[in-house]
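Residue numbers (the numbering used here): 682 to 939.
Below is one structure, written out as structure tokens, with a few remarks after it.
Written out as structure tokens, the structure is:
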């Protein structure tokens with residue numbers, strides 16, 4: 682076996698870092714014009730414990746303990762029953778897997794839900810028009826604040842709720858390349874749409890933040906279930922490979938590409 686030189690290892694690590702982050706900033710960039718979430722007068726009767734449960738399901742949608750782009754989403758129907766609610770589908774960032782540059786976790790989940798809701802042999806069997814109307818009863822959970830594209834998709838879909846974990850400002854601080862427009866600003870500028878959506882931020886950020894910190898910080902602890910291998914976090918479990926975006930209904934497990 683031919684061993685890699687230090688220079689080759691550095692080049693490989695740099696390439697992986699570029700793939701994950703897009704661009705690594707030496708100093709955090711914070712958009713001072715963003716509208717603070719605290720100014721949004723949104724409330725909800727759903728308990729925090731339920732929010733935490735579904736945010737963890739959004740993390741589990743990744744199907745891997747430490748993917749390089751760990752953006753996961755779960756879409757839930759809280760109107761289905763008085764308990765936790767019903768999981769409709771999940772999705773995860775699949776740009777690197779598919780070559781589709783806009784297949785962020787939220788977009789993947791919306792695509793998956795659309796297919797599940799309209800599947801003639803599935804549990805819902807909705808028409809396209811019924812599926813469009815159904816989004817008004819659904820809540821989207823994502824482990825990181827949506828980019829403006831995905832936040833706009835949330836509003837155009839007319840979701841009942843949009844809940845995120847890690848903020849855009851935190852992502853920027855970790856070196857992730859972001860368009861500096863907050864979800865709050867997108868929501869404030871979408872009053873011309875016929876529907877309204879509740880926005881809830883910073884849910885379980887203490888668990889979501891570490892998923893995005895290790896990629897640009899060589900000394901940062903890997904997420905649980907992963908260890909550093911030549912400077913990169915890799916899964917401890919043998920056989921867990923690249924994430925394969927699942928299209929999950931309630932009770933199904935994630936998929937892997939080994």
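The C-beta atom is built at its ideal place from N, Cα and C for all residues, glycine as well.
Could you check the C-alpha separation between residue i and residue j for me, to the nearest Å?
{"i": "residue 805", "j": "residue 798", "result": "5 Å"}
{"i": "residue 825", "j": "residue 791", "result": "16 Å"}
{"i": "residue 770", "j": "residue 794", "result": "5 Å"}
{"i": "residue 775", "j": "residue 902", "result": "24 Å"}
{"i": "residue 848", "j": "residue 882", "result": "7 Å"}
{"i": "residue 853", "j": "residue 909", "result": "23 Å"}
{"i": "residue 800", "j": "residue 912", "result": "44 Å"}
{"i": "residue 788", "j": "residue 834", "result": "8 Å"}
{"i": "residue 964", "j": "residue 900", "result": "Coverage of the chain is limited to positions 682 through 939, which leaves residue 964 absent and any answer about it impossible."}
{"i": "residue 784", "j": "residue 731", "result": "27 Å"}
{"i": "residue 738", "j": "residue 749", "result": "18 Å"}
{"i": "residue 941", "j": "residue 777", "result": "The structure shown has nothing for residue 941, since the chain only spans 682 to 939."}
For residue i, is the classification buried or exposed, using 16 other Cβ atoms within 10 angstroms of its Cβ as the cut-off for buried?
{"i": "residue 865", "result": "buried"}
{"i": "residue 874", "result": "exposed"}
{"i": "residue 781", "result": "exposed"}
{"i": "residue 779", "result": "exposed"}
{"i": "residue 745", "result": "buried"}
{"i": "residue 766", "result": "buried"}
Can the beta-carbon of residue i be found closer than 7 Å to that of residue j?
{"i": "residue 821", "j": "residue 840", "result": "yes"}
{"i": "residue 786", "j": "residue 772", "result": "yes"}
{"i": "residue 860", "j": "residue 831", "result": "no"}
{"i": "residue 846", "j": "residue 897", "result": "no"}
{"i": "residue 944", "j": "residue 823", "result": "Coverage of the chain is limited to positions 682 through 939, which leaves residue 944 absent and any answer about it impossible."}
{"i": "residue 918", "j": "residue 736", "result": "no"}
{"i": "residue 757", "j": "residue 741", "result": "no"}
Give me the Cβ distance between residue i and residue j, rounded to the nearest whole Å; I'm assuming they're in contact under 8 Å.
{"i": "residue 886", "j": "residue 747", "result": "Actually they do not touch by this definition, with Cβ atoms about 18 Å apart."}
{"i": "residue 880", "j": "residue 843", "result": "5 Å"}
Name the DSSP bridge partner or partners of residue i?
{"i": "residue 771", "result": "755"}
{"i": "residue 825", "result": "847"}
{"i": "residue 820", "result": "757 and 842"}
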